[in-house]
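Visitor: Line order of the protein sequences matches chains A and B.
Numbers 558 to 920, taken from my numbering, label the letters of the first sequence in order.
Numbers 558 to 920, taken from my numbering, label the letters of the second sequence in order.
Number of protein chains: 2
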Amino acid sequence: MITLDLALVGFGHVGRRFVRLLDERAEQLRREHSVECRVIGICTRRHGTARNLAGLDARAAASLVEEGGSLSAIDAPDSMPGRLAAVPPDGPTFIRDLATAAHARQHGRMVVVETTVLDITAGQPAIAHVKTALESDAHVVTANKGPAAFAYQELDLLARGAGRGFYFEGAVMDGIPIFNLVRETLPAVKLTGFRGVVNSTTNYIISAMEDGREFDEALAEMQAAGIAEADPSLDVDGWDAAAKTAALANVLLGARLTPQDVDRTGLADWSGARIREVAAAGRRVKLVARARREGATVSAVVGAEELDAADLLATLREQQNALVLETDVLGDVAIVQLGGGLTQTAYALLSDLVALRRTLPFA
Amino acid sequence: MITLDLALVGFGHVGRRFVRLLDERAEQLRREHSVECRVIGICTRRHGTARNLAGLDARAAASLVEEGGSLSAIDAPDSMPGRLAAVPPDGPTFIRDLATAAHARQHGRMVVVETTVLDITAGQPAIAHVKTALESDAHVVTANKGPAAFAYQELDLLARGAGRGFYFEGAVMDGIPIFNLVRETLPAVKLTGFRGVVNSTTNYIISAMEDGREFDEALAEMQAAGIAEADPSLDVDGWDAAAKTAALANVLLGARLTPQDVDRTGLADWSGARIREVAAAGRRVKLVARARREGATVSAVVGAEELDAADLLATLREQQNALVLETDVLGDVAIVQLGGGLTQTAYALLSDLVALRRTLPFA
């Protein structure tokens, strides 16, 4: 049995669902994976910071935040050896302080769980948090696509050099284990490319427009459900899909792309009337992400396509996602997320912890 | 780097494609997985037996068999220490003799690669070969569904007790890593059931009937392509699907079913005219396999269903297969085989070898 010390950076819907899931599955994690998790710190932008080297009550912390309280009420800096930041720390300072304290007790067992709000045009502050974690000798799991989309090769190299884990299963298709699938279960298969539907908001909007609703109405529904990005252009103009495409291409095809390198068009030209016209002709409009390796270069594109109704991607309704892996020896293999949402993203973080734990020696 | 000693029992289309794939991927297996494979024996029903502890030229053996020759031409019993069977051995004797010889050189590195023709009503002779291998301290990988469909819990217990690997990824959906997917990438997920299309022959026949052909014509095409079972009733009456359903239920849901326990109906009542009538109404007929856990019991059923055309399973054409895993925390997750065939089944054996290798200590 080993104990992981978790430092949570960001504590929004995903982070709070994660600590509850961790609690619900604690017994199973102990029994089946010989791992226990202890939350030793939570750092937020608007609800303060809590630290306790003996372990925080993370469910209580989640309730506190949801009631509008501040985590400083349960902060226990005295539990930490050495100097602590006098003011509520920024993310990198929080990570460095906690790593120093945690490593004094057991080395190489701290994991930064990164779920901050992402600036999708630059990948920050997630990239800074991942770098700080790895440079502080901590492992990192993140639900953010920014690090893999903007800086995968650099961060992967950093993690390997430090002998630390860097996992991000939640970056694409929530908890569906795309990255683990390829890494763990497709040995000796060469990927030549992929295609998929990876943005839930645009897929939901297209489905709603096919059913007769208009764009603004469908978008408002998604925002109310907390699924669309606060700035809808990030979904509608294809930025979210482009970031996921870059992340997938970097990890699965060895590319060095950023979201800006993806040839990207969004739904701007697609009115409800036009989408219903395509549907009436027995076809379906989808925002499709594609990437392909040709020799040493990888090209990637995101854009609306008219698909035959019998195409696997055409059958995806509302928030469903799918990715078709194009391989040399297995032909095309698809993985499809028929349900999705908050719990799935939180689960991705948990599955990353298990993948990390498998790489650690038994204590 | 470790060297695995492979003993092939059965050397038909799948076995011969496997040894060629192994040769094509040898460099990649060495580089990425630190494993080398040496074929030390091949046992067939009609083409004799070859043994050579120094390693056989397996590609040459495949060509020899395809030209109608006998493997006894390259048999080198003198390479083996101790007493060898004087007559061409049966499968179990072949396995025991080779294991004794191979273990004298390096213990715990022999792998039986089992690809014999299956008696689907009893799971033999595959089950006897798997048992003999495990009792002889050898690992086993098989493309046969019989062992997992009829005797999974017993064989799994035997393998665990012996500290040996028992892998069968090729049993369902060829090389698509269903079993590895659940084992390696879905930690802390509880499966509550599954549904899928797992028999290629019936799916091809239904597609052909939708396109206007008749049953016998479509079946003959599949038999000519080597995809349909020699006895077509095994496919058409749902026996193949029932065996795969039992294997999936036993492994994924902890059931103790045999194919006879599956509530099974086939395509007997489905004429081309009836299938085209359903298609004209915008729906699709599929032979669907389902299993579900309710408390301590698992029920399983195979039968033709009329599906909405937008259902993921309804979009599967010709030889395509899919399995929808029903989970507690991730909702429904589907994996879809868009291409399939001989190479994919051979690949499944190779991926099993890599999965096995990962469990072995570095030499």
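Just so it is clear, CB atoms sit at the ideal spot from N, CA and C, and this is done for glycine as well.
The structure presented is a predicted model; accordingly, all values stated were derived computationally and were not measured.
Are there any heavy atoms of the ligand FAD lying less than 8 Å away from the beta-carbon of residue 585 of chain B, as far as the coordinates show?
Guide: In terms of ligand content, the structure shown is empty, and the ligand FAD therefore cannot be addressed.
Visitor: Against residue 586 of chain B, what residues of chain A qualify as contacts under a CB-to-CB distance less than 9 Å, listed in chain order?
Guide: Result: 744 and 745.
Visitor: Going by other Cβ atoms of all chains shown within 10 Å of its Cβ, with 16 needed for buried, is residue 508 of chain A buried or exposed?
Guide: Any property of residue 508 of chain A remains undetermined from this structure, which presents chain A solely from 558 to 920.
Visitor: Between the alpha carbons of residue 724 of chain B and residue 699 of chain B, how many angstroms are there, rounded?
Guide: 6 Å
Visitor: Suppose the cutoff is 6 Å on Cβ atoms and the five residues either side in sequence are ignored; what does the same chain contact list for residue 687 of chain B look like?
Guide: Cβ within range, chain order: 697, 704 and 712.
Visitor: Closer than 8 Å between beta carbons: that is the criterion. Which residues of the segment 567-597 of chain A meet it against chain B?
Guide: 578, 582, 585, 586, 589 and 590
Visitor: Does the CB of residue 732 of chain B have a neighbour CB from chain A at under 9 Å?
Guide: By the rule that beta-carbons nearer than 9 Å mark a contact, residue 732 of chain B touches chain A.
Visitor: Can you tell which of B:714, B:692 and B:902 has its C-alpha closest to the C-alpha of residue 811 of chain B?
Guide: Put simply, of B:714, B:692 and B:902 the residue whose alpha carbon is nearest the alpha carbon of residue 811 of chain B is B:714.
Visitor: Quick one: is residue 766 of chain B buried, meaning 16 or more other Cβ sit within 10 Å of its Cβ, or exposed?
Guide: buried
Visitor: Compile a chain-ordered list of the residues in the segment 885-899 of chain A whose CB is closer than 9 Å to at least one CB of chain B.
Guide: 886, 887, 888, 889, 890, 891, 892, 893, 894, 895, 896, 897 and 898
Visitor: Would you kindly report the start and end of the unbroken alpha helix (DSSP H) that includes residue 914 of chain A?
Guide: 899-916
Visitor: Taking Cβ-Cβ distances shorter than 9 Å, what residues in chain B pair up with residue 867 of chain A?
Guide: 866, 871, 872 and 874
Visitor: Quick one, which of A:744, A:912 and A:911 has its alpha-carbon nearest residue 584 of chain B's?
Guide: When only C-alpha atoms are compared, the closest one is A:744.
Visitor: What residue does the beta strand (DSSP E) around residue 751 of chain A start on, and which one ends it?
Guide: Where residue 751 of chain A is concerned, the enclosing beta strand (DSSP E) stretches over 748-754.
Visitor: Using CA atoms only, rank isn't needed, just tell me which of B:748, B:854 and B:589 is closest to residue 558 of chain B.
Guide: B:589
Visitor: Thinking just about the alpha-carbon of each residue, which of A:690, A:728 and A:708 is nearest to the one in residue 721 of chain A?
Guide: A:690
Visitor: If you follow the beta strand (DSSP E) that residue 678 of chain A is part of, which residue opens it and which one closes it?
Guide: Segment: none, residue 678 of chain A is in no beta strand (DSSP E) and carries neither H nor E.
Visitor: If the cut is a Cβ gap below 8 Å, which residues of chain A does residue 738 of chain B touch?
Guide: 734, 738 and 742
Visitor: From residue 692 of chain B to residue 916 of chain B, what does the alpha carbon distance come to, in whole angstroms?
Guide: So the two alpha carbons sit approximately 19 Å from each other.
Visitor: State the Cα-Cα distance for the pair residue 607 of chain A and residue 754 of chain B, rounded to the nearest angstrom.
Guide: For residue 607 of chain A and residue 754 of chain B, the distance between alpha carbons rounds to 51 Å.
Visitor: Within 9 Å (strictly less), CB to CB, does residue 904 of chain B reach chain A?
Guide: yes
Visitor: Go ahead and pull the three-state DSSP assignment for residue 664 of chain B.
Guide: coil
Visitor: Please look up how many angstroms separate the CB atoms of residue 746 of chain A and residue 657 of chain A, rounded, as I've assumed it's under 8 Å.
Guide: About 42 Å separates the two Cβ atoms, so there is no contact after all.
Visitor: List in chain order: all unbroken alpha helix (DSSP H) runs of 4+ residues lying wholly within the segment 827-875 of chain B.
Guide: Qualifying alpha helix (DSSP H) stretches, in chain order: 829-837.
Visitor: What does the alpha-carbon distance come out to for the pair residue 663 of chain A and residue 797 of chain B?
Guide: For residue 663 of chain A and residue 797 of chain B, the distance between alpha carbons rounds to 53 Å.
Visitor: State yes or no: is the C-beta of residue 791 of chain B within less than 9 Å of the C-beta of residue 882 of chain B?
Guide: no
Visitor: What would DSSP say about residue 614 of chain A, mapped onto helix, strand or coil?
Guide: coil
Visitor: Mind the definition here: the segment 802-811 of chain B touches the segment 863-878 of chain B only if three or more C-beta pairs lie below 8 Å; say whether that holds.
Guide: Contact between the segment 802-811 of chain B and the segment 863-878 of chain B is absent, because fewer than three Cβ pairs lie under 8 Å.
Visitor: Given that residue 907 of chain B touches chain A, what residues does it touch there, using C-beta distances under 8 Å?
Guide: 744 and 745
Visitor: Which same chain residues, not among the five before or five after residue 660 of chain A, have their C-beta less than 7 Å away from its C-beta?
Guide: 667 and 694
Visitor: Taking only three categories from DSSP, how would you classify residue 878 of chain A?
Guide: strand
Visitor: Return helix, strand or coil for residue 770 of chain B, following the three-state DSSP convention.
Guide: coil
Visitor: So residue 739 of chain A is in the alpha helix (DSSP H); what residue range does that whole segment cover?
Guide: Here the alpha helix (DSSP H) through residue 739 of chain A covers 735-742.
Visitor: For the beta strand (DSSP E) that residue 565 of chain A lies in, which residues bound it at each end?
Guide: Judged by DSSP secondary structure, residue 565 of chain A falls within the beta strand (DSSP E) whose first and last residues are 559-566.
Visitor: What does the alpha-carbon distance come out to for the pair residue 890 of chain B and residue 880 of chain A?
Guide: 12 Å
Visitor: Indicate the three-state DSSP secondary structure (helix, strand or coil) for residue 723 of chain A in the structure shown.
Guide: strand
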